Each structure stands twice: as C-alpha cells, then as structure tokens.
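Everything below concerns the one structure shown next.
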Amino acid sequence: MSTDFNIKPVGAPVAAPMITPVSDTAQKAVKTELPTSQSVTAPEPSVRVTIDPNAVNASISNQAPSVTDQVIIDRDARAVVYQVVDNRTNLVVRQFPEEAVLRRRAYFHTLDLSKDAPTRARATDRRA
C-alpha cells in the first residue's frame, strides 16, 4: 500500500452552483394586484441620476466647522469614548459607545469590586 498523500485532482476546479429551493408557500401565493396609483414600478434603464460632486463637497464644508471630534477616557466605565460635539451649543451630537453602555459597564465594574472578585485588566489600565 502506498502512503502518498499528495493526491491532486486532475483538471480545473469547478464551482458548484447554488440552487435555492422554492418553498411551497411561495408557489401557492396569491398574486397581489394594486391600482396603478399604489403600485411600484422599476425606473426605466435610460434614466440616469447624477450627483454633483461640487454640491456634495459644499454641503460637507458648510457642516465641517460646526462640529468637532474628541476622544476621552471614561475612568468609571474604563472605556475610550469618541464624541462629536456641536461647537455652537457644546452638546454631544454623537457618542460611541453610547451613554447607556458606559453606565452599564461602570455598574458591572462596581459590582465586581463589591464581590471581592479579582479585577480584570483593561486596555485603558495600562501605563506607559
């Protein structure tokens, strides 16, 4: 008996086509007929939609000075927080992770400390 495990197939590899079976409910479904005012039709292929890049860049440049990005470290939740702050009102527009997630992390961290469980080292606990 041979112990040659370097057996290679002959010819080019062929991908097997994926065939999804059609369910019986889809075949027995009743055709929906709507009035023309409520029906949806596909657009004609000859219709082209173009976007003016100057208008897009102008709208971005108008919005850019109104917000600033900042990164802070929440010590209670032991997490790095990314915030988008509105310059005019100094309010947080967007925040990742959300405030509820940070509160949940801080709560579970205090629960871990109250149980005398061994503390877990987080990425924000490292010192240079």
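Numbered continuously in the UniProt record's numbering, the sequence shown closes out at residue 128.
Cβ coordinates follow ideal geometry from the N, Cα and C atoms, glycine included.
Here the structure is a predicted model, which means the values were calculated and not measured.
DSSP-derived helix/strand/coil call for residue i
i	result
residue 29	coil
residue 77	coil
residue 110	helix
residue 94	strand
residue 52	coil
residue 101	helix
Rounded Cβ spacing between residue i and residue j (contact assumed at less than 8 Å)
i	j	result
residue 72	residue 81	5 Å
residue 102	residue 79	6 Å
residue 100	residue 76	The pair is not a contact, with the Cβ atoms about 14 Å apart (cut-off 8 Å).
Residue(s) in a DSSP beta bridge with residue i
i	result
residue 85	68, 92
Residue closest to residue i, alpha-carbon to alpha-carbon, out of the options
i	options	result
residue 95	41, 28, 115, 69	69
residue 88	66, 19, 98	66
residue 74	109, 90, 40	109
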